[in-house]
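As given, the protein sequences belong to chains A and B, one line each in that order. Take 14 as the starting number for the first sequence in this note's numbering and just add one per residue. Take 14 as the starting number for the second sequence in this note's numbering and just add one per residue. The beta carbon of each residue, even a glycine, is placed where N, CA and C say it ideally should be. Structure record follows, encoded as C-alpha cells.
Number of protein chains: 2
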Amino acid sequence: MANTDMDEPTGDRDFVASLEKGLAVIEAFDASRPRLTLTDVAKLTGITRAAARRYLRTLTKLNYADFDGRYFSLSPRILRLGYAYLSSTSLSLRLQPFLEKISQETGESSSAAVLDGDDIVYIARSATRRIMSIGLGVGSRLPAYCTSLGRAILAYQTPAEIEAYLERVKLEPKTPKTLTQKSDLRAALEAARQQGYAMVSEELEFGLQSIAVPLIQKNDKITIALNISAQAARVSAQEMEERFLPTLREASEALRYTF
Amino acid sequence: MANTDMDEPTGDRDFVASLEKGLAVIEAFDASRPRLTLTDVAKLTGITRAAARRYLRTLTKLNYADFDGRYFSLSPRILRLGYAYLSSTSLSLRLQPFLEKISQETGESSSAAVLDGDDIVYIARSATRRIMSIGLGVGSRLPAYCTSLGRAILAYQTPAEIEAYLERVKLEPKTPKTLTQKSDLRAALEAARQQGYAMVSEELEFGLQSIAVPLIQKNDKITIALNISAQAARVSAQEMEERFLPTLREASEALRYTF
DNA sequence: CATGTGTGTTCGCATTGCGAACATTGATAA
DNA sequence: TTATCAATGTTCGCAATGCGAACACACATG
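Structure, rendered in C-alpha cells:
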C-alpha cells in the first residue's frame with residue numbers, strides 16, 4: 014500500500030513530512046509482510062532506502078520495532094498508538110456491555126464498527142461462537158461496501174459523500190453474491206436508509222449473514238454501527254429481521270446521542 | 014505521560030527526532046485526556062507550542078486526528094498503526110481459536126497478552142461473561158506485577174532482567190492484597206517459574222482471580238502468556254488449579270514453538 | 001479601560017533529514 | 001575459483017525542513 018501522495022508538495026510550512034513518512038513506514042507492515050528489509054520498506058512506501066533506514070532505526074530505538082540484523086518487524090509497543098485512540102474515546106468500554114447483552118439475548122456474535130475512509134474498523138466485539146474464517150478483533154478492518162456495518166453507516170452520509178464514495182470505490186466480488194454494480198449498491202444504501210437497517214447475505218463470505226443498525230451520535234452524526242452476525246444456514250434473513258432487529262434497535266436507542 | 018527523554022541528544026544522525034515527537038504527540042491522548050488543545054499537547058510532551066501545532070496539524074491533514082477549531086482528538090485511522098502490528102504477527106488470529114476453546118470448556122473468560130516494557134498488552138480475548146469493572150479489549154494494557162499473565166511471563170525472563178525490573182518497578186497496591194514488597198514478588202515469580210504457572214488472587218481487582226501459563230515461542234523465548242479469569246466467590250484457587258490449569262497447559266503445548 | 005496572562009501563529013534561520021554516491025554483500029556466469 | 005553484476009546497506013556534504021523566539025490575539029481581572 015505505497016503512499017504515493019507523499020510526493021505531492023503541500024507547500025504547507027505547518028506540515029511535518031517526516032511524520033508522514035514515519036507513519037507510512039509503520040503501515041508498510043501487514044499480514045502478508047510481517048518482516049521487511051529496509052529496501053522492502055523503501056519500495057512499499059516510495060521513500061529512499063536511506064530514509065527508510067533512518068525511520069526504521071528510529072522506530073527500533075524507540076522500541077516500536079525490532080531488528081534481527083537484516084529484517085525489521087513491529088513490536089507490541091505499536092499498540093500504544095491504537096490504544097491512544099480507543100482509550101481516549103472509551104468506545105470499546107462503553108459499547109462492550111451492550112454487545113455482550115445482544116450476544117447473550119440472541120446467542121449470536123455482535124460487533125460495533127466505525128467508518129474510516131472506505132473501510133469499517135471493529136471497535137468492540139462479543140463473539141459467542143466462531144462463524145467466520147477470518148478473525149475479527151478490535152482494529153480489524155473490512156471494506157464498507159459488502160458489510161452490513163458499512164452499509165448501515167454509508168446509508169446515512171450526505172448524498173454528495175455517497176456519490177463520491179460510489180465513484181471511487183472498486184466493488185470487488187468477495188463471493189458470487191457480492192453486489193458489483195454501483196447502481197445496485199446505491200439502491201441497497203437507499204433501502205437501508207429507508208428501513209433503518211442494513212442486511213447483507215453472503216456478500217462478504219459464503220455462509221455469513223448479518224444485520225446492522227446505525228448509532229446516532231451527537232449532532233445527529235453517524236459513523237458507528239452495531240450488528241449481529243449468524244450462519245446463513247441456521248438463521249434466515251426473515252428471522253434476523255424479526256428476532257434480531259428489535260434487539261439491535263433497542264441497544265442503538267439506548268446509546269443514542271451518547272457518543 | 015510526558016516523554017522527557019526527547020530532550021536527550023542522541024548524537025545519532027540516523028535518528029529522526031521528528032518521528033519521535035510525532036509519536037509522543039499521539040500517545041499524549043488517553044482516557045483521561047480525549048481532547049487536547051495544542052498547548053495541552055505541548056505541556057504533556059515537553060515540545061514547544063509551535064511544534065505541537067505542526068504535528069497536530071499534520072496528523073489532522075493525514076486523517077489521524079480531528080480538529081474542531083480549538084480541540085484535537087484522535088481519529089479511527091490511528092487504529093491502522095496498531096493493526097499493522099496485529100495483522101503482521103497474526104497473533105490474534107492464531108490465538109483466538111484456542112482462547113475460545115478454553116472459554117467453551119471452562120465457562121470462563123480467557124485471554125492472551127504479550128509483555129511490553131513493564132506492562133502486559135492484551136492481544137486476544139474470549140469473554141464468556143463480564144467479571145471485571147474495566148473493559149479489556151485488544152490493545153488494553155495492565156501492569157505486569159499484579160496480573161497472572163504478567164507474572165507468567167516475567168517468571169521466565171533472565172535473572173538480570175528480573176532484577177532490573179524489580180529495581181525499577183513501583184508496586185502500587187491495587188487492592189489490600191496486592192504484593193507491595195519486592196522480596197514477596199521475587200518469591201512469587203520464582204514459585205511461578207518452578208510450578209510452571211502463575212496464580213493471582215484479588216491483587217489487581219477485588220473479587221478477581223486468574224491463573225496463567227507461559228507460551229514457549231521459537232528459540233525458547235517467552236513474552237506471551239494465556240490465562241483464565243473467574244470470580245473469586247465462585248471459583249476457588251484450588252479449583253482453578255485442578256480444573257483450569259490442564260486446559261491452559263494443553264493450549265500452550267499446542268501452540269509451543271509456533272510463534 | 002488598562003494590564004496581565006494564556007494561547008495561537010509567523011518567519012528568519014540553523015539543524016535535521018535528504019539522497020547521490022559509495023561500500024558491501026551475495027548471486028551468477030565463465 | 002574468479003570476475004562481474006545486481007541488490008542492498010551506508011555515509012556525509014548540503015539544502016530544505018522543522019525550530020522556537022518573538023509577536024499577535026483573545027480573554028480574564030482589577
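With H, G and I counted as helix, E and B as strand and the rest as coil, what does DSSP make of residue i?
i: B:D25; result: coil
i: B:F42; result: coil
i: B:N76; result: coil
i: A:Q222; result: strand
i: B:V151; result: coil
i: B:L228; result: strand
i: A:F273; result: The structure shown does not extend to residue 273 of chain A, since chain A is modelled only from 14 to 272, so the question has no answer here.
i: B:V134; result: strand
i: A:L128; result: strand
i: B:L87; result: strand
i: A:L32; result: helix
i: B:S249; result: coil
i: B:L162; result: helix
i: A:P110; result: helix
i: A:G117; result: This sequence places Gln at residue 117 of chain A; Gly is not what is there. The answer is helix: DSSP assigns A:Q117 an H, G or I state.
i: A:S103; result: coil
i: A:A205; result: helix
i: A:I175; result: helix
i: A:L94; result: helix
i: B:L243; result: The amino acid occupying residue 243 of chain B in the given sequence is Ala; Leu does not appear at that position. The answer is strand: DSSP assigns B:A243 an E or B state.
i: A:L268; result: helix
Within 10 angstroms of its Cβ, does residue i collect 16 or more other Cβ (buried), or is it exposed?
i: A:A211; result: buried
i: A:Q222; result: buried
i: B:N232; result: exposed
i: A:A157; result: buried
i: B:V129; result: For the record, residue 129 of chain B in the displayed sequence is Asp; it is not Val. Buried: at least 16 other Cβ atoms inside 10 Å.
i: B:D132; result: buried
i: B:T102; result: buried
i: B:A97; result: buried
i: A:S45; result: exposed
i: A:A177; result: exposed
Could you round the C-beta distance between residue i and residue j to whole angstroms and report it? I think they count as a contact, below 8 angstroms.
i: A:A78; j: A:L72; result: 4 angstroms
i: A:I241; j: A:L261; result: 6 angstroms
i: A:G95; j: B:L162; result: About 19 angstroms separates the two Cβ atoms, so there is no contact after all.
i: B:A205; j: B:A165; result: 6 angstroms
i: A:V29; j: B:G152; result: The Cβ separation is near 25 angstroms, so there is no contact.
i: A:F272; j: A:I237; result: 7 angstroms
i: A:S116; j: A:S139; result: 4 angstroms
i: A:L167; j: A:L202; result: 6 angstroms
i: B:T171; j: B:L184; result: That belief does not hold up - the Cβ atoms of B:T171 and B:L184 are roughly 21 angstroms apart, past 8 angstroms.
i: B:E255; j: B:I224; result: Not confirmed; about 11 angstroms, so no contact.
Tell me which same chain residues have a C-beta within less than 6 angstroms of the C-beta of residue i, skipping the five on either side of it?
i: A:L108; result: A125 and A137
i: B:T52; result: R62
i: B:F42; result: L87
i: A:C159; result: K187, T191, E216 and L217
i: B:G35; result: Y68
i: A:R269; result: I229
i: A:M14; result: Any reading at A:M14 must be qualified, since the residue scores a pLDDT of 31, below 50, and its modelled position is unreliable; the value itself is stated next. Cβ neighbours of A:M14 beyond the five flanking positions: none.
i: B:L155; result: I133
i: A:F80; result: T73
i: A:Y135; result: S124, A126, L149, V151 and S153
i: A:E118; result: T260
Excluding the 5 residues flanking residue i on each side, which residues of the same chain have their C-beta closer than 8 angstroms to its C-beta?
i: B:R247; result: none
i: B:S146; result: In this prediction, B:S146 has a pLDDT of 48, which is less than 50 and means its spatial position is unreliable; what the coordinates show is noted afterwards. Counting only Cβ-Cβ distances below 8 angstroms, and skipping sequence neighbours, we find E218.
i: B:A267; result: F111
i: A:L179; result: K195, L198 and R199
i: A:N76; result: S88 and R90
i: A:V38; result: V54, T58, I60, A65, Y68, L69 and L72
i: A:Y169; result: R206, P227 and I235
Note down, in chain order, each residue of its chain lying with its Cβ closer than 7 angstroms to the Cβ of residue i, except the 5 sequence neighbours on either side.
i: A:L49; result: A41, F42, Y84 and F85
i: A:G220; result: Q244, A245 and A246
i: B:I175; result: L167 and L202
Interface positions of the segment 150-162 of chain A facing chain B (Cβ-Cβ less than 8 angstroms), listed along the chain: So the close ones are G150, V151, G152, S153 and R154.
Residues of the segment 74-90 of chain A whose Cβ lies closer than 8 angstroms to any Cβ of chain B, in chain order: Along the segment 74-90 of chain A, the positions whose C-beta sits under 8 angstroms from a C-beta of chain B are K74, L75, N76, Y77, S86, L87, S88, P89 and R90, read in chain order.
Near-chain B residues of the segment 115-136 of chain A - C-beta to any C-beta below 8 angstroms: Sequence-ordered contacts of the segment 115-136 of chain A with chain B read V127, L128, D129, G130, V134 and I136 [C-beta pairs closer than 8 angstroms].
Against chain B: residues of the segment 90-102 of chain A by CB proximity under 7 angstroms: So the list reads R90, I91, L92, R93, L94, G95, Y96, A97, Y98, L99, S100, S101 and T102, given in the order they occur along the chain.
Members of the segment 179-209 of chain B near chain A, C-beta cut-off 7 angstroms: Cβ proximity to chain A below 7 angstroms picks out nothing from the segment 179-209 of chain B.
Chain B contacts made by the segment 23-34 of chain A, where a contact means CB separation under 7 angstroms: Those residues of the segment 23-34 of chain A that come within reach of chain B (Cβ to Cβ, closer than 7 angstroms) are D27, F28, V29, S31, L32 and E33.
Interface positions of the segment 56-72 of chain B facing chain A (Cβ-Cβ less than 9 angstroms), listed along the chain: Listed in sequence order: A64, R66, R67, Y68, R70, T71 and L72.
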